[in-house]
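These notes are about the structure you will find just below.
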Amino acid sequence: MKPTLYLVLGLLALWMAVGFYTNYRASNAAAAKRQVDSEADPARLTDTARLTTDTRAQGRMMGYAFGLVACAIGIGFLISRDFSTWFAGNAVDTLLTDNVDPVKNPDYDQAEQAALEGRHLEAVGLLRTFLKNNPRELYAAIRIAEIYENDLQNPLAAALEYEEVLKHRFNPEKWGWAAVHLVNLYTGKLNKPDQGMALLRRIVTEHPTTSAARKARERLGLPEGATLGLTAEAPPPAAPPSNLPPGF
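Residues 3 to 250 (my numbering) are what the sequence shown spells out, left to right.
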């Protein structure tokens with residue numbers, strides 16, 4: 003709908019501009035002709051004729067000018083509304099979306115240095131302090147999970163960290179791959195296949211267009227593009243017929 007409005011207003015503005023320019027030139031040409039006629043024979047050009055000719059030309063010019071201004075106002079209103087909507091959307095995303103991409107920070111770098119030197123528990127503590135002071139910097143929580151899984155060989159603690167990460171809102175692609183990583187922990191070292199399958203279904207349901215959802219469909223045996231809906235619970239099996247007389 004908006005592109006159509008932009009197109010219509012743009013065409014109207016162009017038409018108004020052409021009409022204004024055409025009548026402006028016609029008005030100037032008429033004025034020049036009257037000037038030549040008056041110099042040649044002043045008796046041929048009366049005040050009434052001069053007034054009528056000027057009124058017609060200027061009237062058309064004013065009409066096109068008002069139309070052009072109205073179109074410009076309309077286009078300006080649409081642009082301002084789109085810009086405000088875009089700006090508000092970005093502002094909301096900035097306020098509500100957590101960051102999963104590492105940024106340069108001396109406290110975080112200190113924790114990474116400790117991890118590189120093999121002081122993994124110290125690194126976890128530094129990362130927790132950093133995360134406490136910067137709760138939106140989720141890459142620190144993901145890094146804690148990685149240290150628990152790869153360096154400290156504690157898959158349960160890693161899974162708990164990933165579970166906390168998935169409670170936050172951030173880029174759907176990265177959310178999906180964090181969820182896939184947790185699925186691998188569930189179905190592998192933690193031996194919790196049911197939780198893994200449930201999380202795969204959640205990926206497909208909540209973020210169906212992501213590459214993680216494509217991977218989840220493969221693991222669930224679903225065709226490409228398939229979505230999951232809520233399914234009704236199966237009714238309980240019927241009780242076997244009783245051989246007792248009625249009333250018992």
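Idealized CB from N, CA, C, for every residue including glycine.
Since we're looking at a predicted model, the values are computed, not measured.
Limits of the unbroken alpha helix (DSSP H) element including residue i
i	result
Val185	174 to 189
Pro108	108 to 118
Gly198	195 to 208
Thr131	122 to 135
Val167	157 to 167
Ile144	141 to 148
Glu220	213 to 222
Beta-carbon gap between residue i and residue j smaller than 8 Å
i	j	result
Leu162	Arg145	no
Glu165	Leu192	no
Gly178	Thr189	no
Tyr26	Met64	no
Thr207	Pro174	no
Rounded C-alpha distance that separates residue i from residue j
i	j	result
Thr50	Arg58	Confidence is the limiting factor: at Thr50 the pLDDT is only 46, short of 50, which leaves the residue's position unreliable, though a coordinate-based value still follows. Approximately 12 Å, taken between the alpha carbons.
Leu251	Leu7	Residue 251 lies beyond the range of the chain shown here (3 to 250); nothing can be said about it.
Pro137	Lys169	13 Å
Ala214	Phe22	58 Å
Gln115	Thr131	15 Å
Lys106	Asp153	23 Å
Arg219	Leu16	52 Å
Ala125	Glu148	11 Å
Arg203	Leu140	24 Å
Gly61	Ser29	10 Å
Pro108	Ile77	48 Å
Thr24	Leu11	20 Å
Glu226	Arg121	44 Å
Val167	Leu222	23 Å
Gln155	Pro5	56 Å
Lys194	Arg83	50 Å
Gly127	Leu201	29 Å
Pro210	Tyr110	33 Å
Ala31	Ile75	31 Å
Val94	Lys176	Caution is warranted here: a pLDDT of 37 is assigned to Val94, below 50, making its placement in the model unreliable, and the coordinate value is therefore given only provisionally. Going from the Cα of Val94 to the Cα of Lys176 covers about 19 Å.
Arg171	Thr229	21 Å
Leu224	Ala180	21 Å
Asp196	Gln112	38 Å
Leu98	Ile205	Summary for Leu98: the model assigns pLDDT 35, below 50, so the residue's position carries little reliability, and this model does not support an answer.
Inter-residue CB distance, residue i and residue j (contact presumed, cutoff 8 Å)
i	j	result
Leu70	Ala19	6 Å
Val182	Lys134	At roughly 27 Å, the Cβ-Cβ gap does not stay under 8 Å, so Val182 and Lys134 are not in contact.
Leu187	Pro157	5 Å
Glu151	Ala160	4 Å
Cys73	Leu9	With 8 Å as the limit, Cys73 and Leu9 do not qualify as a contact, their Cβ atoms being about 12 Å apart.
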